[in-house]
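Step one of this worksheet: look at the structure below.
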Amino acid sequence: MERAAVVAGLGGWVPPTVVSNDQLAEVLDTSDEWIRRRTGIRERRWVSPGQSTGDLAVEAGRRALASAGLEGVDAVVLATSSPDRHCPATAPEVATRLGLGPVPAFDVAAVCTGFVYALATGAGLVALGAAETVLVVGADAFSTLLAPDDRSTRVIFGDGGGAVVLRAGSSTEPGALTGLNLGSDGSLSDLIEVPAGGSRQRSTGVPAKTEDTYFTMQGQTVYAQAVRRMAESVQETVERTGWNLAEIDSFVLHQANARILAAVARRLGRPPERFLSNIETRGNTVAASIPLALADGVASGELRPGHKVVLAGFGGGLTWGSMALVWPRLAAHRTVSPEPAAAATEVGMP
Ligand code: UT7
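Numbering (numbering that gives the first Met the number 0), first residue to last: 0 to 349.
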């Protein structure tokens, strides 16, 4: 029996403002029909003016801590690629707002794979004995990075936060994380980028063109990479765990596009209904996507204690990664993302 990081709490949160496909079709050359057919998305939530990734992370983190029955943890790892500010990291402020004291807190940037990378980092802290408990959050407010007139990105992304609490436990108990597989390919870093604002552009001394300050994605190439890399990563993780694909109850993949989930299912030869999906109402929430899918899966009853689960992410970098676990029994009442009215009164609470 080995020491392992065990999932002990789960929380998810999305901001109250709902943006429907029809609303986007009023200001962009697009339609509800195109967006649903090509992505599976019906609506998404966006932050309101003044709201930030840190706000999403605090709300998700608070719910995960409550679900775990904890008021403190030994470390905070925040996966985000839309931090509140370029410098410093957002995690220390999130830790302080959650009342966690002077614990180590840092950001991990791996775009849509961020949560899997952060989970691996948190699990590593536990395995090393550096922490008994870790709060791992994935949060992004990507709506703030999108060009107002870019129909190819504006219809896809939603904002949100999701979080888990890890605690030290044994590798044989439900919730123990196992089978880690991570990878990257920096030769394809231009496929998903915000060209301006970093040291490479700033060191030129030439002010950035406005269009270069927005997020861009080469959708079709990214699509093909996402299908291939997530399928391969899932297979690797299943093998490392000593399971086989047929016994996996729930595949919880990054929610980039309903067609990508279907294509990975085909490639792995598994039924599409085993692939949890909340993309219809959440859109692509970047680092929040996997924990929000977990939270929504628990709330809907699709994800149940005892399920064999594989998590898999893919995103900018390029980056990808997977992990496996048997889903544990958690305090599920804290995992439901609140309805708009309830959320509105809670946003920005310390
Ligand atoms: O989260 C990190 C990883 N991200 C992903 O995995 C995203 C992967 N990519 C995708 O999900 C898809 O490539 C998109 C949803 C981004 C785009 O869907 P697509 O089916 O690949 O469309 P496309 O880029 O091939 O464009 C097809 C057509 C084009 O028109 P023409 O050239 O055929 O006349 C686009 O201009 O659809 C057009 N188009 C749109 N039309 C209406 C692109 N966006 C829209 C839109 N509404 N919003």
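All residues carry an ideal CB built from backbone N, CA and C; glycine is no exception.
* Asked: Hey, does D54 have any beta-carbon neighbour from chain B nearer than 7 Å?
  -> No chain B appears in this structure, which consists of one protein chain only.
* Asked: What did DSSP end up calling A342 once you bin it into helix, strand or coil?
  -> Along the sequence shown, read from residue 1 onward, the residue named residue 342 stands at position 343. Note that A342 scores a pLDDT of 41, beneath 50, so its modelled location is shaky; the value from the coordinates is reported in the next line. Correct three-state label for A342: helix.
* Asked: At a cut of 8 Å, does the region 31-38 reach the region 304-320 through at least three beta carbon pairs?
  -> They do not touch, by the three-pair rule.
* Candidates G296, L324, P327, E279: which alpha carbon is nearest R44's? -> Looking up residue 44 in the sequence shown gives position 45. Nearest of G296, L324, P327, E279 to R44, Cα basis: E279.
* **Backbone CA spacing between T203 and G123 [nearest angstrom]** => Position 204 of the sequence shown holds residue 203. Position 124 of the sequence shown holds residue 123. Spanning the two alpha carbons is a distance of roughly 38 Å.
* **When Q224, L69, K208, P290 are compared against L252, the one with the closest alpha-carbon** => As a working mapping, residue 252 is identified with position 253 in the sequence shown. With distances taken between Cα atoms, L252 lies closest to P290.
* So, are the CB atoms of A4 and L267 less than 7 Å apart? -> Numbered from 1 along the sequence shown, position 5 holds the residue referred to as residue 4. Numbered from 1 along the sequence shown, position 268 holds the residue referred to as residue 267. It is not a contact, given that the beta carbons lie outside the stated cut-off.
* What separation, rounded to the nearest whole angstrom, lies between the Cα atoms of Y116 and V136? -> Translated into the one-based positions of the sequence shown, residue 116 becomes position 117. Translated into the one-based positions of the sequence shown, residue 136 becomes position 137. One alpha carbon belongs to Y116, the other to V136, and they sit about 11 Å apart.
* Asked: So, are the CB atoms of A255 and A225 less than 7 Å apart?
  -> For the purposes of this step, residue 255 is identified with residue 256 of the sequence shown, where counting begins at 1. For the purposes of this step, residue 225 is identified with residue 226 of the sequence shown, where counting begins at 1. Cβ distance < 7 Å, so A255 and A225 count as in contact.
* Asked: DSSP three-state call for W12: helix, strand or coil?
  -> Residue 12 sits at position 13 when you count from the first residue of the sequence shown. Three-state DSSP puts W12 in a strand.
* **Proximity test, Y116 beta-carbon vs the ligand UT7 heavy atom, cut-off 6 Å** => What you label residue 116 is simply residue 117 of the sequence shown in a count that begins at 1. Y116: no, Cβ never under 6 Å from the ligand UT7.
* Any heavy atom of the ligand ZN closer than 6 Å to the Cβ of V6? -> This structure lacks the ligand ZN; the ligands present are the ligand UT7.
* **Length at least 4, wholly inside the region 256-296: the alpha helix (DSSP H) runs in chain order** => Counting only unbroken stretches of 4 or more residues, the alpha helix (DSSP H) elements lying wholly within the region 256-296 are 257-267, 278-281, in sequence order.
* Name the DSSP bridge partner or partners of T318? -> As a first step, residue 318 is located in the sequence shown; it is residue number 319 there, counting from the start. Paired residues: S183, G314.
* When the Cα of D148 is compared with those of D73, G159, L27, I247, which residue comes out closest? -> In the sequence shown, counting from the first residue as 1, residue 148 sits at position 149. Answer by Cα proximity: L27.
* **Close beta carbons around H332, own chain, < 6 Å, minus the five adjacent residues each side** => Sequence index remark: in the sequence shown, residue 332 carries index 333 (1-based). Reliability fails at H332, whose pLDDT of 47 lies under 50, so the model's placement of it is uncertain and the value that follows must be treated cautiously. Correct list: empty, nothing qualifies.
* Asked: Just to check, is the beta-carbon of Q217 closer than 6 Å to a non-hydrogen atom of the ligand UT7?
  -> Position 218 of the sequence shown, counted from the first residue, corresponds to residue 217. It does not: the Cβ of Q217 is nowhere closer than 6 Å to a heavy atom of the ligand UT7.
* To do: Check the C-beta distance from V57 over to R96 and give it rounded, since I have them as a contact under 8 Å.
  => Working through the sequence shown from its first residue, we reach residue 57 at position 58. Working through the sequence shown from its first residue, we reach residue 96 at position 97. Sure, about 5 Å apart at Cβ, within 8 Å.
* Is the closest heavy atom of the ligand UT7 to the C-beta of C86 under 6 Å? -> Taking the first residue of the sequence shown as 1, we reach residue 86 at position 87. Checking every heavy atom of the ligand UT7 against the Cβ of C86, none is found closer than 6 Å.
* Asked: Can we count V221 as close to the ligand UT7, meaning its CB is less than 6 Å from some heavy atom?
  -> Translated into the one-based positions of the sequence shown, residue 221 becomes position 222. Checking the Cβ of V221 against the ligand UT7 gives yes.
* Within this structure, are the beta carbons of T120 and V107 separated by less than 7 Å? -> As a position in the sequence shown, residue 120 is number 121, starting the count at 1. As a position in the sequence shown, residue 107 is number 108, starting the count at 1. Result yes, Cβ atoms of T120 and V107 sit closer than 7 Å.
* To do: Return yes when the Cβ of A140 is within less than 7 Å of the Cβ of V46, no when it is not.
  => Walking along the sequence shown from the start, residue 46 turns up at place 47. Walking along the sequence shown from the start, residue 140 turns up at place 141. Pairing V46 with A140 gives a Cβ-Cβ distance under 7 Å.
* To do: Please classify D139: does DSSP put it in a helix, a strand, or coil?
  => Here residue 139 refers to the residue found at position 140 when the sequence shown is read from its first residue. D139 sits in a strand when the DSSP states are folded into three classes.
* In whole angstroms, what is the alpha-carbon distance linking V285 and E192? -> The sequence position of residue 285 within the sequence shown is 286, counting from 1. The sequence position of residue 192 within the sequence shown is 193, counting from 1. Taking the straight line joining both Cα atoms gives about 13 Å.
* Asked: What are the start and end residues of the alpha helix (DSSP H) that includes G53?
  -> Sequence index remark: in the sequence shown, residue 53 carries index 54 (1-based). Here the alpha helix (DSSP H) through G53 covers 52-67.
* To do: Report all residues from its chain with a CB closer than 7 Å to the CB of L310; omit the five preceding and five following residues, and keep chain order.
  => Taking the first residue of the sequence shown as position 1, residue 310 is located at position 311. Cβ within range, chain order: V115, V251, I289, S321, M322.
* Would you tell me roughly how many angstroms separate the C-alpha atoms of R273 and G196, rounded to the nearest one? => Translated into positions along the sequence shown, residue 273 becomes position 274. Translated into positions along the sequence shown, residue 196 becomes position 197. Those two C-alpha atoms are separated by around 40 Å.
* For R166, name the three-state secondary structure that DSSP assigns. => Counted from its first residue, the sequence shown places residue 166 at position 167. In this structure, R166 counts as strand in the three-state DSSP scheme.
* Flag this pair as yes or no: are the beta carbons of V263 and A230 separated by less than 7 Å? => By one-based count along the sequence shown, residue 263 stands at place 264. By one-based count along the sequence shown, residue 230 stands at place 231. A contact, by the Cβ cut-off of 7 Å.
* To do: Please classify V205: is it buried, with 16 or more other beta-carbons within 10 angstroms of its beta-carbon, or exposed?
  => Locating residue 205 in the sequence shown gives position 206, counting from the first residue. With fewer than 16 Cβ atoms within 10 Å of its Cβ, V205 is classed as exposed.
* Touch test, the region 170-190 against the region 9-27, Cβ-Cβ under 8 Å, three pairs minimum -> No contact exists between the region 170-190 and the region 9-27.
* To do: Can you check DSSP and say which residues form a bridge with S249?
  => As a working note, residue 249 is residue 250 in the sequence shown. Residue pairing of S249 in beta bridges, as defined by DSSP: V308.
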